[in-house]
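Residue numbers (the UniProt record's numbering): 3 to 463. Beta carbons are placed, not taken as given, at the ideal position from N, Cα and C, and that holds for glycine. Keep in mind that this is a model prediction, so the values were computed, not measured.
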Ligand code: 4AD
Ligand code: MG
């Protein structure tokens with residue numbers, strides 16, 4: 003069994019020879035003595051046209067096949083220089099591996115993305131989702147390749163955790179306790195010493211704290227895994243379960259961190275444009291008309307840089323445009339992020355040095371005493387795609403900050419140890435993988451770039 007991709011990659015090897023393909027029927031068209039099948043085999047974006055004739059015993063069975071049927075085709079590959087596609091297969095034999103019922107939900111017409119979300123088990127058979135999920139796979143590979151080529155060690159951080167890295171309290175609890183009959187301590191609190199881990203635990207919101215421990219041993223590491231957030235934000239950019247890439251580098255400051263983030267995004271864009279030209283052309287034609295030109299521009303230009311304080315000055319001048327008015331100290335909303343990257347800079351922009359109050363406890367305090375060495379990377383169409391920082395490497399400043407925020411140092415002993423035993427200046431960031439896929443494909447909803455999305459009120463399949 004070969005694939006459509008094999009044929010496209012090495013046409014001379016297969017031309018005018020007999021080949022066998024296995025795939026699913028996209029359409030069947032027949033006249034009295036012959037017919038055409040459009041076959042998709044999942045190996046490549048393009049389909050293969052099959053011509054069959056009544057010299058085959060099962061001609062009538064084939065002509066009656068429904069869309070979605072699985073077949074094995076054996077026949078001769080011939081060139082069709084006049085046709086839209088460069089070749090077709092003249093079938094000698096077609097075996098029906100699995101019929102498809104007539105109520106197959108994917109018919110030839112175009113279905114809306116909303117409808118396809120209701121059949122997430124079947125949508126990977128459509129052109130759009132063939133393109134999205136092949137590109138998603140390639141982006142994942144390109145990210146690994148980028149970090150591995152630079153000597154970063156891939157660290158697997160745990161999904162079940164006892165700490166809240168971002169301190170936002172958006173954790174999904176993990177428990178084996180009987181929810182109908184919770185054990186309580188004398189003061190009425192839930193008694194987690196009776197739970198599986200002997201303490202309160204949750205699904206991780208970030209692998210960073212564990213990742214930092216390995217950076218202090220391997221220098222440069224990255225994580226790539228699922229993270230979970232019980233954010234009650236029903237938007238096109240938030241999922242309750244999403245994947246994150248979190249590099250962490252010892253002996254690196256905020257500048258090094260931004261240079262790494264920029265190099266990584268450019269590398270991944272180039273990789274995908276080279277390795278998936280058919281899919282990228284499809285997105286450019288049917289999903290987002292300016293996509294290829296925009297991505298090419300991103301690769302060719304430097305990212306912009308602006309401090310939070312400067313960004314607020316820019317935004318305050320156009321405050322009447324926004325639903326949420328900005329002033330120094332407020333967190334940037336998507337509308338502000340998009341204004342900066344789409345209207346002001348028209349390319350990706352790093353916003354740095356945010357007020358410490360709106361960022362996590364682990365970020366390094368700047369000399370002004372009120373901002374931290376944070377950076378968010380904002381991109382057109384999405385807003386924040388990356389969040390990162392230089393980390394507080396001083397034991398005293400870190401414990402002081404934790405106390406200010408009411409975090410218990412005993413819950414973070416391992417983390418504080420890193421500042422006790424050979425502390426280094428170090429930095430890292432988190433790239434939201436789905437947001438990266440949205441950015442590179444032009445897809446507008448996070449539900450359409452993750453195979454089985456988990457969002458508010460939605461955990462199908
Ligand atoms: O900015 P965040 O919260 O940063 C961290 O978690 C740090 N620990 C990262 C680090 O420095 N190692 O999240 C990082 C990125 C965001 O920029 C965004 O792209 C993505 O994760 N993200 C989400 N993506 C989808 N759905 C959500 N609910 C997301 N929350 C964050
Ligand atoms: Mg963030």
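Checklist entry - Is residue 226 near the ligand 4AD, in the sense that its beta carbon is under 7 Å from a heavy atom of that ligand? => result no
Next on the checklist: As a quick exercise: from 107, 13, 378, 210, pick the residue whose alpha carbon is nearest that of residue 80.
Outcome noted: 13
Item to check | Backbone secondary structure at residue 310 - three-state DSSP | outcome: helix
Next on the checklist: Quick check on DSSP: helix, strand or coil for residue 536?
Outcome noted: With the chain running from 3 to 463 in the structure shown, residue 536 is simply not present.
Checklist entry - For the 8 Å Cβ check, are there 3 or more pairs between the segment 169-177 and the segment 283-296? => result no
Checklist entry - How do the segment 383-392 and the segment 250-265 stand: do at least 3 beta-carbon pairs fall below 8 Å, yes or no? => result yes
Item to check | Cα-Cα separation, residue 180 to residue 190 | outcome: 16 Å
Next on the checklist: Can you tell me where the beta strand (DSSP E) holding residue 392 begins and where it ends?
Outcome noted: 385-392
Next on the checklist: Restricting to Cα atoms, I'd like to know which of 142, 206, 458, 319 is closest to residue 175.
Outcome noted: 206
Checklist entry - Considering only residues of the same chain and omitting the five flanking positions on each side of residue 297, which have a CB-CB separation below 6 Å? => result 271
Next on the checklist: Let's see if you can read the secondary structure: which residues bound the alpha helix (DSSP H) around residue 146?
Outcome noted: 129-151
Next on the checklist: Please tell me whether residue 250 and residue 219 are closer than 8 Å, where the distance is taken between their beta carbons.
Outcome noted: no
Item to check | Buried or exposed (CB count within 10 angstroms, at least 16 for buried), residue 198 | outcome: exposed
Checklist entry - Exposed or buried, which one is residue 131 when buried takes at least 16 other CB atoms within 10 Å? => result buried
Checklist entry - In chain order, what residues place their C-beta within less than 7 Å of a heavy atom belonging to the ligand MG? => result 378, 386, 389
Checklist entry - With a cut-off of 8 Å, do at least 3 Cβ pairs link the segment 80-92 to the segment 50-70? => result yes
Next on the checklist: Under DSSP, the beta strand (DSSP E) around residue 185 begins and ends at which residues?
Outcome noted: Unbroken run through residue 185: none, as it is neither H nor E.
Checklist entry - Rounded to whole angstroms, how far is the Cβ of residue 44 from the Cβ of residue 25, which I believe are closer than 8 Å? => result 7 Å
Checklist entry - Of the choices 316, 321, 364, whose alpha-carbon is the least far from that of residue 346? => result 316
Next on the checklist: Nearer than 7 Å: is that true of the beta carbon of residue 167 relative to any heavy atom of the ligand 4AD?
Outcome noted: yes
Next on the checklist: My assumption, with CB atoms under 8 Å, is that residue 248 sits in contact with residue 208. Please give the rounded CB distance.
Outcome noted: 7 Å
Next on the checklist: I'd like the span of the alpha helix (DSSP H) that includes residue 336, first residue to last.
Outcome noted: 336-340
Checklist entry - Buried or exposed: which applies to residue 379, given that a residue is buried once 16 or more other Cβ atoms fall within 10 Å of its Cβ? => result buried
Item to check | Segment contact flag, the segment 435-452 with the segment 414-427, C-beta cutoff 8 Å, min 3 pairs | outcome: no
Checklist entry - Between 141, 142, 106, 145, which lies nearest to residue 127 when the distance is taken from Cα to Cα? => result 106
Checklist entry - Taking the alpha-carbon positions, what's the residue 359 to residue 394 distance? => result 15 Å
Next on the checklist: Does the distance between the C-beta of residue 360 and the nearest non-hydrogen atom of the ligand 4AD fall short of 7 Å?
Outcome noted: no
Checklist entry - Do three or more CB pairs link the segment 297-306 to the segment 318-330 at distances below 8 Å? => result no
Item to check | Closest residue to residue 74 among 100, 86, 383 (Cα-Cα distance) | outcome: 100
Next on the checklist: For a test of your reading of the model: does the CB of residue 252 fall under 7 Å from any non-hydrogen atom of the ligand 4AD? Yes or no.
Outcome noted: no
Checklist entry - Based on Cα-Cα distance, which residue from 186, 70, 221, 143 lies nearest to residue 108? => result 70
Item to check | Local conformation of residue 378 per DSSP, three classes | outcome: strand
Next on the checklist: Report the start-end ranges of each beta strand (DSSP E) in the segment 272-309 that is 3 residues or longer and not cut off at the edges.
Outcome noted: 306-309
Item to check | Span of the beta strand (DSSP E) around residue 372 | outcome: Counting along the chain, residue 372 falls outside any beta strand (DSSP E), and DSSP gives it neither H nor E.
Next on the checklist: Does residue 321 come out as helix, strand or coil in the three-state DSSP assignment?
Outcome noted: helix
Checklist entry - From this set, 383, 361, 354, 314, which residue's C-alpha is nearest residue 348's C-alpha? => result 383
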